[in-house]
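Here the working numbering is used: the first residue of the sequence shown is 18, the next is one more, and so on. Note that beta-carbon positions come from the ideal geometry of N, C-alpha and C, so glycine has one too.
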Amino acid sequence: MKRYFDFKLSGCKVMWPIWAILVVSIVAALPEIFAEDFYIMTDGNVVADAAYFGVVVGCWLLALIGPMLLLYPITKATIEACGMDGERVATDYSFGRYALLALKGSLLSIVTLGIYMPWFLVEITRYFFDGATYRLRPFGFHAKPMPLFVILTLLLFVPMVLLGIVLSYMVVGYESLGMSDVTMALAAVLLLVVVVAWVSLFCAVITGWMLNLSVGEERVVGDIPKTKTTIFIIGQILLTIITLGLYTPMMELQLMRYFAECTRVGEGKDARRLGMTLHPWRDWGYVWLQLLLVTVTCGIYMPWYYAKVLNRFIPRIYVED
């Protein structure tokens with residue numbers, strides 16, 4: 018027997034915070050767009066005016082703290098839209114307490130140059146789960162910040178540094194060593210394969226870390242085999258590259274279904290599996306239509322895109338008893 022999730026969210030309910038995030042993103046980018054207006058000449062050298070650094074720092078703070086505060090109403094509305102068997106998830110949040118967590122975490126992340134970010138993300142995620150209940154059964158988020166720090170360091174930061182070094186050597190080698198176009202093309206293809214494999218492994222590991230939840234006394238965990246999952250994601254990314262991005266919505270839906278099927282509720286012989294129903298090409302066309310509306314309206318349609326996509330696909334997820 019399959020028990021499907023309920024979900025009903027109005028785009029108007031998340032309209033203002035999503036629009037505000039778009040505005041904050043634009044404002045935060047303005048110093049870079051108009052950077053030349055802040056440059057002055059000193060002894061023949063071009064340097065930045067002191068006011069420019071103050072504006073940049075202020076925009077960085079706005080870009081980090083602003084979206085974190087605006088995330089509160091979006092997340093609250095999204096969680097309260099979820100349910101099953103005709104009953105919704107209830108929440109008990111305090112914006113004041115959340116704002117203090119967001120401000121403290123944002124400032125510590127800036128002061129520590131990002132080192133505190135895993136602890137900040139876990140603290141915020143745990144706050145939203147701890148304040149939600151379904152039929153008086155509390156939710157829980159049990160993933161730890163130290164494993165996340167290791168994952169982000171070894172599977173994100175270090176590979177990005179190595180990728181930058183490799184790219185710089187490729188450029189230098191091409192210009193100074195006279196490497197042929199064929200050699201450069203082969204090197205670029207090999208590098209692309211490595212990057213796709215690295216991104217796929219990162220997605221498999223980070224999702225396995227995230228799926229460590231509970232509802233009441235029942236655990237909700239992800240049984241995600243790293244090798245199989247990495248190979249699956251590689252195939253989806255390659256299809257997206259081959260189709261010049263046209264396959265992107267289908268890749269996202271296939272990943273949602275794959276990870277849903279890897280998730281179990283409970284332990285032992287009473288464990289139940291999740292699943293997801295898809296209508297591939299109809300769903301693909303629907304998502305592209307929504308994305309087209311976002312593009313045509315220059316982002317104004319984004320709240321309704323967010324609500325409609327969730328309204329369509331979350332009710333496709335089920336628990337198989």
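Member of the options whose CA lies at the smallest distance from the CA of residue i
| i | options | result |
| --- | --- | --- |
| F166 | R154, Y133 and L179 | Y133 |
| E284 | V216, G239, I250 and V326 | G239 |
| L124 | D287, M85, P90 and G28 | M85 |
| I342 | L306, K286, M227 and A45 | Limits of the chain in this structure are 18 at one end and 338 at the other, which puts residue 342 out of reach. |
| P297 | T265, S27 and Y21 | T265 |
| T108 | V304, L208, Y144 and Y322 | Y144 |
| T280 | V237, W305 and C76 | V237 |
| W215 | V232, L173 and N229 | L173 |
| G316 | W36, G148 and T200 | W36 |
| D147 | P242, A221, V106 and L291 | V106 |
| M343 | A46, C220 and A202 | There is no way to answer for residue 343, as the model of the chain reaches only from 18 to 338. |
| F112 | K93, S126 and R20 | K93 |
| C76 | L209, Y323 and V40 | V40 |
| R205 | L218, N229, L180 and S217 | For clarity, residue 205 is Ala in the given sequence; the question names Arg instead. Closest option to A205, Cα to Cα, is L180. |
| K286 | T312, W321 and D338 | D338 |
| I250 | S231, T260, L218 and A119 | L218 |
For residue i: DSSP bridge partner residues
| i | result |
| --- | --- |
| G157 | S231 |
| F24 | C99 |
| R236 | S231 |
| R105 | G100 |
| K19 | E337 |
Boundaries of the beta strand (DSSP E) in which residue i is found, first to last residue
| i | result |
| --- | --- |
| L291 | R289 to M293 |
Within-8 Å CB hit, residue i to chain C
| i | result |
| --- | --- |
| I182 | Judged by its chain identifiers, the structure shown contains no chain C, having just a single protein chain. |
Secondary structure of residue i, DSSP reduced to three states
| i | result |
| --- | --- |
| R152 | coil |
| Y110 | coil |
| T280 | strand |
| M317 | Here residue 317 is Ile; the residue named in the question, Met, does not match the sequence. In this structure, I317 counts as coil in the three-state DSSP scheme. |
| Y186 | helix |
| G75 | helix |
| P242 | coil |
| I132 | coil |
| N328 | helix |
CA-to-CA distance, residue j to residue i, given in whole angstroms
| i | j | result |
| --- | --- | --- |
| L117 | T142 | 14 Å |
| R152 | E104 | 8 Å |
| S42 | A80 | 6 Å |
| R274 | W33 | 30 Å |
| L327 | K25 | 8 Å |
| V282 | Y89 | 27 Å |
| V31 | R114 | 21 Å |
| G100 | T150 | 10 Å |
| F22 | G262 | 30 Å |
| L130 | P164 | 18 Å |
| V64 | G122 | In this prediction, V64 has a pLDDT of 48, which is less than 50 and means its spatial position is unreliable; nothing more can be read from the coordinates. |
| T59 | V44 | Low confidence applies to T59: its pLDDT is 46, below 50, so where it sits in the model is not reliable enough to give any reading. |
| F156 | I223 | 20 Å |
| H159 | L207 | 38 Å |
| I182 | G233 | 48 Å |
| A277 | I334 | 7 Å |
| I248 | K325 | 31 Å |
| V212 | S185 | 16 Å |
| G292 | F330 | 12 Å |
| Y47 | I82 | According to the sequence shown, residue 47 is Leu rather than Tyr. Cα-Cα distance, rounded: 17 Å. |
| R289 | Q271 | 21 Å |
| W136 | M201 | 41 Å |
| N62 | T257 | Residue confidence for N62 is low, a pLDDT of 47 falling below 50, so the modelled location carries little weight; the figure read from the coordinates is stated next. Cα to Cα, N62 sits roughly 46 Å from T257. |
| G225 | I241 | 6 Å |
| W305 | N229 | 32 Å |
| S126 | P162 | 14 Å |
| I91 | V199 | 50 Å |
| C29 | T312 | 19 Å |
N- and C-terminal bounds of the alpha helix (DSSP H) containing residue i
| i | result |
| --- | --- |
| E337 | Premise fails: E337 lies in the beta strand (DSSP E), I334 to E337, not in any alpha helix (DSSP H). |
| F174 | Counting along the chain, F174 falls outside any alpha helix (DSSP H), and DSSP gives it neither H nor E. |
| Y264 | No alpha helix (DSSP H) contains Y264, which DSSP labels as neither H nor E. |
| V167 | P162 to L169 |
heavy atom of the ligand HEM below 7 Å from residue i C-beta
| i | result |
| --- | --- |
| V216 | As presented, the structure is devoid of all ligands, the ligand HEM included, so that no description of it is given. |
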